[in-house]
Amino acid sequence: MKAKKKKFFREASKVDIKRECTLIEVDWRDPDMIPRLLSLEEGQALVVNRPLFPSNYRSSREFMKKGEELRPSKRALLSQVVANKKAPYEFRSEAFDRIEGPYLAGYSFRPFFPFGIKKHLSGDNRIRRISLVECLEGAKISAYANQEQFTEALIEVQKYIDAREALNSGGIFHVRTTSRTEKKGRYDFNWMSVPVNQKGDTRKFKVGWLLATEGHDCMRKEWHFRYSGRPSVQEHVFCAHEIAAYRQICEVMWKEGNKTPMVMNPFVQPSSMMIEVYNRVLDSMLIYDESLSSKDKLRTTNKADEEIALWMAVNKYGHDDTCFRESGTRLRDENWSLRYV
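Note that the numbering used here has the sequence shown beginning at 30, numbered continuously upward.
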């Protein structure tokens, strides 16, 4: 039996959307799909005439595992990053604004290393992979966890920072984050190599790219690991729980006067418009899928469809209108409500 999501995270079903909406057909290549999606009135939904992910992938899972990804910092050297004091946001905004199409499975980075050294001195040269879907889901978990009606924190943060060691290799933070599923306990894990160097200390521009977690195992991580293909041991795939927990670390440190974790944050910070795009993808879009045995051959979006739809928004409106939030704006104040649920 499929686990039931908490009310805040429930999504519209195909039956709900068909019952409540007039269906409007749209071609999967329509360059104005996202503006059309945002202009839908309540009681209208789009039907895309085929899955959004490329047909040379057998499934959503294969695309999300093996699809093309963006590498914003691919050609940079450690010396350049430190000298130019270039943070992840700058790499990300430049690369996102240059994409030539939306058919991406996410973006990634890996630790920088000095020229001529083939492996980072820390020994951790894994690719860090991030999907836009997980960034949006992480933001939604953050919004849920920080609702005013909760009397105790739903994402707990305990920092372990040795003053000298943390400046060179980052701080360790133990976190406990809420689940999206009813009657399920919290997830306990550690964030490693979190940059905590204060203003003026350029070591944070090295440490920040070593970010990783230890001890977290949710269905999304298992879903990625079990699919045959690229060896998962060579990469670290971030999930929504980890992203939500990192944001909570940023907020805790910000309140203590340390902005470095936020400055070095590698995760997309979705704008109000991007949140609306994601909501409408979840509640106002159906996919016509010939592989289905059902009579109408319609289904709700899967992770690959959702990822590509979000990249369509980036491609249409640019990084700052979709993937950037002004400091001080609160995710909990956004409208996360879905129609037809």
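By construction, the Cβ of each residue, glycine as well, lies at the ideal position given by its N, Cα and C atoms.
* Do you know offhand how far E305's Cα is from R193's? -> Straight-line spacing of the CA atoms in E305 and R193 works out to 43 Å.
* Quick one: which unbroken beta strand (DSSP E) runs of 3-plus residues sit fully inside the stretch 81 to 155? Chain order, please. => Within the stretch 81 to 155, the beta strand (DSSP E) runs of at least 3 residues that lie entirely inside it are, in chain order, 136 to 138.
* Taking 8 Å as the threshold, find out whether the stretch 165 to 177 comes into contact with the stretch 263 to 278 through three or more Cβ pairs. => Contact between the stretch 165 to 177 and the stretch 263 to 278 is present, because at least three Cβ pairs lie under 8 Å.
* Report buried or exposed for I184, applying the criterion of at least 16 other Cβ atoms within 10 angstroms of its Cβ. => Buried: at least 16 other Cβ atoms inside 10 Å.
* What separation, rounded to the nearest whole angstrom, lies between the Cα atoms of E166 and A124? -> Here the alpha carbon of E166 sits roughly 22 Å from the alpha carbon of A124.
* Going by the beta-carbon positions, is the gap between D334 and F82 smaller than 8 Å? -> Less than 8 Å separates the beta-carbon of D334 from that of F82.
* Asked: Would you say C164 reaches chain C, if we count a Cβ-Cβ gap shorter than 8 Å as a contact?
  -> Of the protein chains in this structure there is only one, and it is not chain C.
* Asked: Roughly how many whole angstroms lie between the Cα atoms of D8 and Q263?
  -> As shown, the chain starts at 30 and ends at 370. That puts residue 8 outside it, with no answer to give.
* To do: Go ahead and pull the three-state DSSP assignment for A41.
  => Looking at A41 - three-state DSSP - the assignment turns out to be coil, as it is neither helix nor strand.
* With DSSP collapsed to three states, give me the class of T206. => DSSP places T206 within a strand segment (E or B) once states are collapsed to three.
* Return the chain-ordered list of same chain residues with a C-beta closer than 7 Å to the C-beta of N331, the five sequence neighbours on each side being excluded. => If we look at N331 and ignore the five residues flanking it on each side, its Cβ neighbours are S89.
* To do: Using the Cα positions of T418 and V297, report the straight-line distance between them to the nearest angstrom.
  => Look at the range of the chain in this structure, 30 to 370, and you will see that residue 418 is not part of it.
* Compare the Cα-Cα distances from H348 to each of I46, M303, R368 and W365 and report the closest residue. => Measuring C-alpha to C-alpha distances from H348 to each of I46, M303, R368 and W365 identifies M303 as the nearest.
* Asked: According to the Cβ coordinates, are S102 and G135 closer than 8 Å?
  -> The answer is no: Cβ separation not under 8 Å.
* Evaluate the contact criterion for the stretch 191 to 207 versus the stretch 224 to 241: three or more CB pairs, one atom per stretch, below 8 Å. => Enough Cβ pairs lie closer than 8 Å, so yes.
* The beta strand (DSSP E) spanning W220 covers which residue range? -> Element bounds for W220: Y216 to V223.
* **Cβ pair S366, Q73 closer than 8 Å** => No, Cβ-Cβ distance for S366 and Q73 is not below 8 Å.
* Asked: Whose CA, out of P295, I128, T207 and H245, lies closest to the CA of L99?
  -> Its Cα nearest to that of L99, the residue I128 stands out among P295, I128, T207 and H245.
* Asked: Once you ignore the five residues that flank V55 on each side, which residues in its own chain have a CB closer than 8 Å to its CB?
  -> Result list for V55: M62, R65, L75, V76, V77 and N78, in chain order.
* **Cβ-Cβ separation, V370 to A41 (assumed contact under 8 Å), whole Å** => The beta carbons of A41 and V370 sit about 5 Å from each other, so the pair counts as a contact at 8 Å.
* Is it the case that the Cβ atoms of P299 and P117 are separated by a distance below 8 Å? -> In this structure, P117 does not lie closer than 8 Å to P299 by Cβ.
* Asked: Short check: CB of A241 to CB of D153, under 8 Å?
  -> Yes, the pair counts as a contact, with Cβ atoms nearer than the cut-off.
* Asked: With C-beta atoms as the reference, is M341 less than 8 Å away from P131?
  -> Yes; because the gap between Cβ atoms is below 8 Å, this pair is in contact.
* Using only alpha-carbon positions, find the residue among G229, E336 and S322 that is nearest to N308. => Ranking G229, E336 and S322 by Cα distance to N308 puts E336 first.
* To do: Leaving out five residues on either side along the sequence, give the residues of the same chain with a beta carbon under 6 Å from the beta carbon of G9.
  => Here the chain comprises residues numbered 30 to 370, so residue 9 is not present and cannot be evaluated.
* Can you check whether the CB of A174 is closer than 8 Å to the CB of T207? -> At a Cβ-Cβ threshold of 8 Å, T207 and A174 count as neighbours.
* Closest residue to K43 among R139, A195 and R328 (Cα-Cα distance) -> If we check each option's Cα against that of K43, R328 comes out closest.
* Among K324, K36 and L133, the one whose alpha carbon lies nearest that of N344 -> Comparing alpha carbon positions, the residue from K324, K36 and L133 closest to N344 is L133.
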